[in-house]
Every structure is written in C-alpha cells, then in structure tokens.
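Engineer:
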Amino acid sequence: MERLETLIIGSGPAGYTAAIYAARADLKPVLYTGLEPGGQLTTTTDVDNFPGYPKGIDGPTMMIQLKEQAERFGTDVRIGHVKNVKLSKKIGKLHKVIIEDGSEIETKTIIISTGATAKYLGLESEQRLIGGGVSACAVCDGFFYKNQEVAVVGGGDTAAEEATYLSKICSKVTMLVRKDKMRASKAMQNRVFKSKNIILKFNSEIDEVLGENVVEGLRIINNVTKKKDEISISGLFIAIGHKPNTEIFNDQLEMDDLGYIITKGKTTKTNIPGVFASGDVQDKEYRQAITAAGTGCMAALDAERYLQKLN
Ligand code: NDP
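Heads up, the sequence shown is in my numbering, so the first residue is 8 and it goes up one at a time.
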C-alpha cells in the first residue's frame, strides 16, 4: 500500500496553494483533482480580482498555471477522485483513503480542499448559458455588467448580498424570489429595500433564460397567478445556495448544519488530528479564490507543523 506524508484532496486555488507550500516544505504531496479538475474557477471567464494579474486572467488558464506551479516543486497531481476515507482519531495513526479505481493509500496528513458547488436551477437554457451571462458569483463576474441590467435569483443572504453588490455596479437589478417573502436576515433585507435600483419580484420563478449564445432576457412566471412576463437583462446571477462537497467525510468530521467542515479557531485544523480543511469546504462567508488560496497555505503550514511534532 502506498504511504504518504501529505495527501491533498481537491484542485481549486486552496488545493493547489496547499500543494505549492507542502511540496516546498518537502512533504512530497500527492494531490487528487476530484471530478472537476481546477474547481469552480474553470466555469468562470475572466478573473480580475486575484492580486498579481493587472490585466486579469481567465479562470481555466489560472488553474493550469497553479497546477504547473504546484508540479514545479514536485507535487504529484493525479486525475481522479477519492471514494472513501477512514480517518483515525489517534494522533500519529495513519488515515486510510480509497481512490475511485480501488487503490488504497495510507497517509499521515490530509488536506481537504474539495470546495463547494453552487446550486443551479437546472433549466436547459440556464445550463447552456453558463459563462455566457449566467453566473453564480457576483463578486467574480458583476463587473462585466457595469451600467447594464441584471437579475438575481434567490431570497437568502447570498442573494441579498449579491443583489446589493450588483446594485452599485449595474443600472438595474431585478431580484426574483420564489416565495412571498425573503429568507435573508432582516439586516440584509433592509439593505435590499434601501437600494433604489433593486426591483423585487416575489412569487417569481424563471420559465426560460432567453438568448442564443448570450443572455438577452428572462421569461418569468408568477407561481400564484401563472402569468408570464419577459424582461431584458444581460447578466443572470443564480444565488440559491452552495453545497459543500463533504459527503465522504460524513460522520467522521465535525460539520455545521449545512455540511461545512468546522475548523478550530484561526487554524485549518479539524477535530481529527492530522486532517486539515481549506477553501470553500470550510468557508461559506467569503468564498473567494484569494481567501481559498490563503487557507490552502495555512493548511500546508499546519500539516508541516503537525508532522514536525510527530516525527
Ligand atoms: P439559503 O439556503 O439561505 O437561501 C437560498 C435561497 O434560494 C432561498 O431564498 C430559497 O428559497 C432560494 N431557492 C432555493 N432553490 C431555489 C430554486 N430552485 N428556485 C428559486 N429559488 C430557490 O442559501 P444562501 O446561500 O443564501 O445562504 C447559505 C448560508 O450562508 C445561510 O446560513 C446564510 O445566512 C449564510 N450566509 C451569510 C452571509 C453573511 O452573513 N454575510 C452571506 C451569505 C450567506 P426559499 O426561501 O423559498 O427556500
């Protein structure tokens, strides 16, 4: 059976940054990419808010470069996903990891960077236009719709935050809430109500996203009156929640009620010795490439210190 010092699961900015630091610290990391190599950024077009890229960079290219940087220091990047884990509660005892092809690995430390997946509505027209005006991240993509009209779907804190953010950039933001009230906190709702260019439409759902190659509008249906209506927009932001990719750790790691891994204080330590979590899998607040990368660095340093004590 293969034995490792450090196994990294996930290939977004958190996983690759953890790999760069772990490899430079001679932990000889192996990184499994997961089902979506490169993570959420591979579904974005331009990344304009990652420091160090004055002209911006497109998401897929950035992830290729992060991979190359991790490999430059000796990270063994493997395409494939982890099927199962058996975490050991005892300090120093090896954790067992089973890969999709049936192979087994024993490792002293694990860095979990499996991310979170944005939820989408599932409409054919929405799926076809992802990257063509449909986005799940206002901070990432809002700037492309400067002074244009956009719509946000959802009534929770994320939707309220995204709509408020977009209202400062875009000329008009239509917020579509499927119930007759929002789920967001009162404070967030008040921010929405105070923004003059946010138009709230309750009991409203999308029937179809209009446009061939780019978003041109929406056909909306009122789910009470069944009346249909069309609006013109150039950007659609889906903000109906994220799902952390933590199923394989269920019943083994401490998670909050939404399934995000709980880390201790300002560290990336989980409740299991030698197991660390970085990126969106433990963060529902910030969810940015740069914050994910930051916690990836922290996880590698935490793993290095853990191994130093152990050895
Ligand atoms: P939530 O699950 O809280 O809200 C999801 C929203 O999307 C709800 O309004 C829901 O409607 C709606 N929705 C779900 N599915 C559909 C669908 N198919 N069609 C239309 N609408 C749909 O997710 P959030 O991402 O908003 O928040 C997740 C957690 O993160 C919360 O605990 C939140 O408080 C927290 N958070 C905190 C922030 C902060 O404090 N700054 C910022 C962002 C999030 P319905 O109500 O009808 O179910």
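Heads up, the beta-carbon is just placed ideally off N, CA and C, and yes, glycines get one too.
#1: Closer than 6 Å: is that where the CB of D164 sits relative to any heavy atom of the ligand NDP?
#2: Hey, could you find the ends of the alpha helix (DSSP H) G242 is sitting in?
#3: Where V231 and F209 are concerned, what is the direct C-alpha to C-alpha distance, given to the nearest angstrom?
#4: With a Cβ-Cβ cutoff of 7 Å, do V216 and L136 count as a contact?
#5: Going by DSSP, name the residue or residues bridged to V89.
#6: Between the Cα of Y152 and the Cα atoms of R85, T82 and E223, which residue gives the shortest distance?
#7: What are the start and end residues of the alpha helix (DSSP H) that includes A30?
#8: So I16 packs on G41, CB below 8 Å; how close in whole Å?
#9: Please determine, among G161, P36, R198 and P44, the residue with the shortest C-alpha to C-alpha distance to D187.
#10: Taking its Cβ as the centre, do 16 or more other Cβ atoms sit within 10 Å of N91, making it buried, or is it exposed?
#11: At the level of alpha carbons, what is the spacing between N220 and N278?
#12: Going along the chain, which residues of its own chain have a beta-carbon closer than 6 Å to the beta-carbon of T82, five neighbours each way excluded?
#13: Please report how far the alpha carbon of T68 lies from the alpha carbon of V282, in whole angstroms.
#14: Could I get the ranges of all uninterrupted beta strand (DSSP E) runs contained in the region 134 to 206, with 3 residues as the minimum, in chain order?
#15: Sorted by chain position, which residues of the same chain lie with C-beta nearer than 6 Å to A321's C-beta, five sequence neighbours on each side aside?
#16: Give the straight-line distance between the Cα atoms of L14 and A191, rounded to the nearest whole angstrom.
#17: Pick helix, strand or coil for Y4, following the three-state DSSP scheme.
#18: Hey, could you find the ends of the beta strand (DSSP E) K74 is sitting in?
#19: From E131 to L314, what distance separates their C-alpha atoms?
#20: Do three or more CB pairs link the region 177 to 184 to the region 192 to 208 at distances below 8 Å?
#21: Return the residue from the list A125, H249 and G218 that minimises the CA-CA distance to S239.
#22: Give me the residue from G87, A123 and E113 with the minimum Cα distance to A296.
#23: Within 10 angstroms of the Cβ of M262, are there 16 or more other Cβ atoms? Answer buried if so, exposed if not.
#24: Quick check: the Cα distance between K115 and V146, rounded to an integer number of angstroms?
#25: Kindly indicate which residue of L225, G272 and D287 has the alpha-carbon position closest to the one of T253.
Structural biologist: Short version:
#1: Yes, since a heavy atom of the ligand NDP falls inside the 6 Å radius drawn around the Cβ of D164.
#2: Premise fails: G242 lies in the beta strand (DSSP E), G242 to I245, not in any alpha helix (DSSP H).
#3: Rounded to the nearest angstrom, the two C-alpha atoms are 10 Å apart.
#4: Judged by their CB atoms, V216 and L136 are nearer to each other than the 7 Å cut-off.
#5: I106
#6: E223
#7: P20 to R31
#8: Contact between I16 and G41 holds, since their C-beta atoms are separated by about 7 Å, short of 8 Å.
#9: G161
#10: exposed
#11: 47 Å
#12: A26, A30, P36 and L38
#13: 30 Å
#14: 156 to 160 and 179 to 183
#15: Lying before the first or after the last residue shown, residue 321 is absent from the chain, which here runs from 8 to 318.
#16: 38 Å
#17: Here the chain has residues from 8 to 318 only, and residue 4 is not among them.
#18: Element bounds for K74: not the beta strand (DSSP E) but the alpha helix (DSSP H), G66 to R79.
#19: 48 Å
#20: Here the region 177 to 184 makes contact with the region 192 to 208; the two share three or more CB pairs at distances below 8 Å.
#21: G218
#22: A123
#23: buried
#24: Distance between the alpha carbons of K115 and V146: 37 Å.
#25: D287
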